[in-house]
Ligand code: KIV
Ligand code: NA
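Residue numbers (the working numbering): 17 to 292.
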């Protein structure tokens with residue numbers, strides 16, 4: 017299994033880090049087979065798997081339930097699990113037991129925390145000290161969507177760009193092993209990746225960062241209708257899966273399925289006779 021040291025080396029050697037979300041056993045297993053470097057059990061789970069309209073309703077229980085499936089399927093891959101909404105924002109004392117639970121019960125290799133407020137920086141430091149590697153998440157931080165006023169590109173003005181650079185430095189100084197940078201102009205993302213020494217994994221942050229992360233349901237067009245501007249899809253599972261269901265349905269309706277190959281037989285003599 018690759019470790020944080022391998023990711024650090026990849027940054028230094030200009031070798032891109034590939035990360036994708038996974039929420040269950042088969043997806044994790046297939047991503048691992050394809051050689052993906054890092055799996056993210058994102059709280060995007062709430063939207064793409066559980067059908068909520070934001071990540072806010074996602075609970076610690078949800079993250080543990082799905083995180084365990086992912087570490088079983090991706091047993092040789094570095095797995096990062098998101099801490100969900102409002103589980104790390106009040107105090108370090110309140111954060112630590114939640115983080116401990118998620119980390120121990122999922123068997124993940126790191127947790128991800130959004131933001132760079134003082135409580136979060138202190139939590140990153142406390143978790144790192146206790147042996148829980150933390151990945152930061154800056155720029156568009158979806159758990160704060162209502163504070164941000166929507167899913168918007170972050171850091172476009174002189175002042176917010178400077179703030180974002182400073183936040184990235186603070187997250188690094190607090191002891192994070194990497195940082196996800198979401199929906200940030202590519203020039204600013206490139207500058208941050210150059211400035212800080214931990215890997216910067218971009219999503220909607222252009223190509224000049226140390227790695228990329230995307231949501232599995234976006235890259236495979238699985239249950240999602242519209243892709244965000246920064247995403248790309250390499251398959252259309254909506255079409256593939258709908259075809260599977262309609263073919264199955266038609267074959268059952270028309271008695272094409274099951275045929276003899278798919279049926280069991282017995283000695284006719286052993287068959288009870290009706291009406292006896
Ligand atoms: O929850 C998620 O999928 C994420 C990625 C978009 C980075 O946090
Ligand atoms: Na997330």
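The beta-carbon is built from N, C-alpha and C at its ideal position, and this holds for glycine as well.
Is the closest heavy atom of the ligand NA to the C-beta of residue i under 7 Å?
| i | result |
| --- | --- |
| residue 227 | no |
When every heavy atom of the ligand KIV is checked, does at least one fall within less than 7 Å of the C-beta of residue i?
| i | result |
| --- | --- |
| residue 56 | yes |
| residue 72 | no |
| residue 198 | yes |
| residue 231 | yes |
| residue 148 | no |
| residue 219 | yes |
| residue 81 | no |
| residue 295 | Given a span of 17 to 292 for the chain in the structure shown, any question on residue 295 remains unanswerable. |
| residue 153 | yes |
Looking at the unbroken beta strand (DSSP E) that takes in residue i, where does it start and where does it end?
| i | result |
| --- | --- |
| residue 266 | Run containing residue 266: none in the beta strand (DSSP E); it sits in the alpha helix (DSSP H), 253-269. |
Tell me whether residue i is buried or exposed, calling it buried when 16 or more other Cβ atoms sit within 10 Å of its Cβ.
| i | result |
| --- | --- |
| residue 102 | exposed |
| residue 87 | buried |
| residue 264 | exposed |
| residue 19 | exposed |
| residue 107 | exposed |
| residue 281 | exposed |
| residue 128 | buried |
| residue 163 | exposed |
| residue 149 | buried |
| residue 242 | exposed |
| residue 212 | buried |
| residue 261 | exposed |
| residue 21 | exposed |
| residue 17 | exposed |
| residue 203 | exposed |
| residue 27 | buried |
| residue 104 | buried |
Give me the DSSP bridge partner(s) of residue i.
| i | result |
| --- | --- |
| residue 203 | Looking at the DSSP assignment, residue 203 forms no beta bridge with any residue, so it has no partner. |
| residue 218 | 197, 228 |
| residue 128 | 98, 151 |
| residue 34 | 228 |
| residue 55 | 36, 95 |
What are the boundary residues of the alpha helix (DSSP H) that includes residue i?
| i | result |
| --- | --- |
| residue 117 | 108-122 |
| residue 134 | 134-146 |
| residue 169 | Premise fails: residue 169 is in no alpha helix (DSSP H) and is neither H nor E. |
| residue 46 | 41-49 |
| residue 77 | 76-89 |
| residue 290 | From DSSP, residue 290 is part of no alpha helix (DSSP H); its letter is neither H nor E. |
| residue 185 | 174-190 |
| residue 28 | 20-28 |
| residue 62 | 61-64 |
Is residue i near the ligand HEM, judged by its Cβ being under 7 Å from some heavy atom?
| i | result |
| --- | --- |
| residue 37 | This structure simply doesn't include the ligand HEM; it includes the ligand KIV and the ligand NA instead. |
Contact shell at 5 Å, judged by CB to any heavy atom of the ligand NA, ordered along the chain: Result: 58, 59, 98.
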